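Numbering (the working numbering), first residue to last: 8 to 362.
We put the beta carbon where it would ideally sit given N, CA and C, even for glycine.
Quick caveat: nothing in here was measured; it's all calculated off a predicted structure.
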Ligand code: 1HN
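Shown next as structure tokens:
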């Protein structure tokens, strides 16, 4: 929408000439007439500048490998290629509120410890046996695992395997920056000392049981690795006795087991299974969503675009764009969005079918 779109709707353009002197003098006092911008500020429908986009993993992977020859993790701090929404180029945004990157870490490398207000998710795409250490507890990561770094929590990563590890980094820093609330700190030393044995937190809260007096102040789930083996098993079992949702297939949302709320306070995360042969009904919502195909094959239609999907591909559905999935072989899709924030703020809207 251009600046004049709002003006045409709101004010009599012929009369504007006589007001220009007033506008000029008001501007000197940092005053501006709302009536010239009103309808651009408060639109009748979402004003979406983000575009649908598809990042084929086989096309991206060579760039990740080349980046490994050009820079180490010590210098880069994090060796990440940012997935930029083509409608939001140069802003490090996959959607207006969310970051998406692909991080690669080679055998023997360490991504040094730091912490920041922004929360991060890792979704593992390739490799096995690298760890993320969060608040002094390591977790080994496998393809399909969903790993959380809560706000202002020390974290470092290391690859103790003999192959590269690649994961998606999803962050909420654009929300943090909207509020000018960002802080970050580097740890004095490459790695944070180990404070808890691996699996400690999973034992405490990962089995629908909790020790007496267990305290957890943060709004982020205490569970920081949701392993794919369990997620996949749950989807499989669910598909045997439930009806698939016509828009989402079989969908499970990641939750904080202590509260039942979204696992992360700022990012909704989910895994869905769209069984072979299913074509979903059209769905749109105000929560722009980033997807990763973990397994399976098929197509997705986003607005007027159709993307053929192979395992590990990433794509984005902007706000209010209709999405339809066509599954050729059981598709398992991870997704993240800002839905939880929009729900908290009473912004969220969705439309099922073509209604
Ligand atoms: C970050 O801290 C990580 O810890 C990854 O691995 C990606 C992108 C922007 C800002 C901070 C990490 C990031 C990031």
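Compare the Cα-Cα distances from residue i to each of the options and report the closest residue.
i           : options            : result
residue 244 : 158, 279, 135      : 279
residue 110 : 232, 122, 130, 93  : 130
residue 316 : 332, 310, 328, 256 : 332
residue 139 : 120, 342, 125, 126 : 120
residue 196 : 235, 345, 225, 84  : 84
residue 91  : 176, 168, 51, 43   : 176
residue 353 : 294, 240, 312      : 294
residue 345 : 101, 320, 161, 282 : 101
residue 319 : 190, 170, 342      : 342
residue 155 : 33, 168, 183, 141  : 141
residue 145 : 161, 99, 133       : 161
residue 89  : 311, 174, 248      : 174
residue 360 : 170, 328, 99, 47   : 328
residue 225 : 336, 58, 159       : 159
residue 417 : 27, 47, 33, 247    : The requested residue 417 does not occur in the structure, where the chain is confined to residues 8 to 362.
residue 351 : 322, 275, 220, 286 : 275
residue 150 : 23, 68, 128, 133   : 133
residue 313 : 54, 61, 27, 44     : 61
residue 206 : 20, 147, 238, 305  : 147
residue 128 : 230, 68, 169, 220  : 230
residue 183 : 221, 218, 239, 125 : 125
residue 169 : 135, 220, 326      : 135
Taking only three categories from DSSP, how would you classify residue i?
i           : result
residue 127 : strand
residue 254 : coil
residue 27  : helix
residue 356 : coil
residue 102 : coil
residue 67  : helix
residue 9   : Confidence at residue 9 is low in this model, with a pLDDT of 46, below 50, so the placement of that residue is unreliable and no value is reported for it.
residue 349 : helix
residue 212 : helix
residue 82  : helix
residue 43  : helix
residue 96  : coil
residue 54  : coil
residue 32  : helix
residue 207 : helix
residue 302 : strand
Between residue i and the rest of its own chain, which residues show a CB-CB distance below 8 Å, the 5 nearest in sequence each way excluded?
i           : result
residue 200 : 143
residue 242 : 257, 259, 278, 279, 280, 339
residue 192 : 121, 122, 123
residue 9   : Annotation note: pLDDT 46 at residue 9 (below 50); position unreliable, no value reported.
Give every residue of the same chain whose Cβ lies closer than 6 Å to the Cβ of residue i, excluding the five residues on either side of it in the sequence, and list them in chain order.
i           : result
residue 255 : 279
residue 330 : 290, 309, 324
residue 228 : 263, 270
residue 348 : 273
residue 152 : 131, 232, 234, 235
residue 357 : 292
residue 56  : 94
residue 253 : 288
residue 202 : 143
residue 104 : 181, 182, 345
In chain order, what residues of the same chain lie with their CB nearer than 7 Å to the CB of residue i, ignoring the 5 residues before and after it?
i           : result
residue 166 : 112, 113, 114, 115, 116, 137, 172
residue 29  : none
residue 268 : 262
Check whether the Cβ of residue i lies closer than 8 Å to any heavy atom of the ligand FMN, and answer yes or no.
i           : result
residue 183 : Only the ligand 1HN can be found as ligands here, which leaves the ligand FMN out of the picture.
So, does the CB of residue i fall closer than 9 Å to a CB anywhere in chain D?
i           : result
residue 235 : This model lacks chain D altogether; it includes just one protein chain.
What are the complete beta strand (DSSP E) segments, minimum 3 residues, inside the region 314 to 346?
321 to 324, 330 to 344
With a cut-off of 8 Å, do at least 3 Cβ pairs link the region 34 to 43 to the region 63 to 76?
no
Decide if the region 290 to 307 is in contact with the region 256 to 273; the criterion is three or more beta carbon pairs, one per stretch, under 8 Å apart.
no
Within the region 233 to 283, note down every full beta strand (DSSP E) run reaching 3 residues or more, in order along the chain.
257 to 260, 275 to 281
May I have a chain-ordered list of the alpha helix (DSSP H) segments no shorter than 4 residues that lie completely inside the region 134 to 194?
180 to 185
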